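Asker: To start, I am sharing the structure in question, which I have written as C-alpha cells.
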Amino acid sequence: MRILVVEDYKPLRESIVQALREADYTVESAAEGRTGLWHAQDDSFDVIVLDIMLPGLDGLAVLKQLRKASVRACVLILTARDTTEDRVRGLDCGADDYLTKPFALAELLARVRALLRRRYQQLDLAITIGALTVDTCGKTARSGDSVLDLSAREYALLEYLALRRGEVVTRDDIWKHLYDPNAVMESNVVDVFIGLLRKKLDRHGLTGFIQTRRGQGYMLEKPD
C-alpha cells in the first residue's frame, strides 16, 4: 500500500514516515502544499496524511484541488485545531478522517489501517479466500495453520491482490504500489514477483489462486 505524508514540521514528518515504513507501507513525503499536490495528482496513493497548516498552499486548499481532480485516495487530516467547526470544514472539503495533534503514532497507524479497509470495502482485519487468509493487521498470510514465509514486498503484493480480490489488477497498478511510481517500470519485474509469490503459494497447497488475465494483468481468487 502506498501512502503520501504532507507535513511541514520535519521531526514529525520523519517520525510518521518511519512508523509507516516500519509497518511495511511504501511512503513518500512532502514538506509543503504545492509539492504534496504535485505528488498526489497521479492518483497512485491509497492514503494521504495531510497537515492543514502548510506553507505555500494550505492543506484544505490541497484537499479541495485533489477532490476536484477526482483523486480517490483516502485523506487523513492532521491539525492542531480541535473545534467542531474546523473538523466539519475538513470533512466537508473531502477528508475521510481527522486526527488532532499531538497524537500517538499507534493511533495514526490504526486510522490508516481503517481507511485502507474502508477504501477496499474490507471490514474485517483478516481476508479469507478459500484456504488462504491474509491478516492485514499482523501483516502475515496463512494456509490453514501454516504461515507463509514471505518477504515484505511479497506480502505487500499479496495483500494488494487480496484487497482487490476478484478484480483484474494491471501490472502498472502493481508497480505503483510496490515501487516508486515515477521510476520507469522494468519490463518483467512484476511478472518475476508474481512468479515467486505463486511458488510460495503452491508450496502451501494454494495452487491457482493467482490467475493471469492475458493482456490485462493478474487476479487473486479461489480457483474453481
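The sequence shown: position 53 = 55 (this note's numbering), numbered continuously. Positions of the beta carbon are idealized from the N, C-alpha and C atoms, including for glycine. Note that the structure is a prediction, hence the values are computed from the model and not measured.
Can you tell me the Cα-Cα spacing of R89 and L62, whole angstroms?
Answerer: Near 11 Å, if we compare the C-alpha coordinates of L62 and R89.
Asker: Identify which residue in K178, Y220, R74 has its Cα closest to the Cα of V171.
Answerer: Nearest option by C-alpha distance: Y220.
Asker: What does Y100 pair with, by DSSP beta-bridge criteria?
Answerer: Answer is I79.
Asker: By DSSP, does A143 sit in helix, in strand, or in coil?
Answerer: It is a strand residue.
Asker: Are the beta-carbon atoms of V49 and V8 separated by less than 9 Å?
Answerer: No, Cβ-Cβ distance for V49 and V8 is not below 9 Å.
Asker: Please work out which residues of its chain come closer than 8 Å, Cβ to Cβ, to I131, disregarding the five sequence neighbours upstream and downstream, and give them in chain order.
Answerer: Around I131: A164, R167, F211, L222, E223, K224.
Asker: With DSSP as the reference, label A112 as helix, strand or coil.
Answerer: Three-state DSSP puts A112 in a helix.
Asker: Give me the Cα-Cα distance between L203 and G140, rounded to the nearest whole angstrom.
Answerer: Spanning the two alpha carbons is a distance of roughly 18 Å.
Asker: Is the shortest distance between the beta-carbon of C95 and the beta-carbons of chain B less than 9 Å?
Answerer: No chain B is part of this structure, which consists of one protein chain only.
Asker: Under 8 Å, with one C-beta from each stretch per pair, do the stretch 102-111 and the stretch 195-209 reach the 3-pair mark?
Answerer: Because the criterion of three Cβ pairs below 8 Å is not met, the stretch 102-111 and the stretch 195-209 do not touch.
Asker: For P57 and G146, what's the separation of their Cα atoms in angstroms?
Answerer: Answer to the nearest angstrom: the Cα atoms are 51 Å apart.
Asker: Would the beta-carbon of R69 fall within 9 Å of that of V29?
Answerer: No, they are not a contact pair.
Asker: What are the boundary residues of the beta strand (DSSP E) that Y220 is part of?
Answerer: Its beta strand (DSSP E) spans residues 219-222.
Asker: For R113, is the classification buried or exposed, using 16 other Cβ atoms within 10 angstroms of its Cβ as the cut-off for buried?
Answerer: The residue in question, R113, is buried, as its Cβ has 16 or more Cβ neighbours within 10 Å.
Asker: Does the count of Cβ pairs from the stretch 26-46 and the stretch 71-80 closer than 8 Å reach three?
Answerer: In short, these stretches touch, since the Cβ pair count reaches three.
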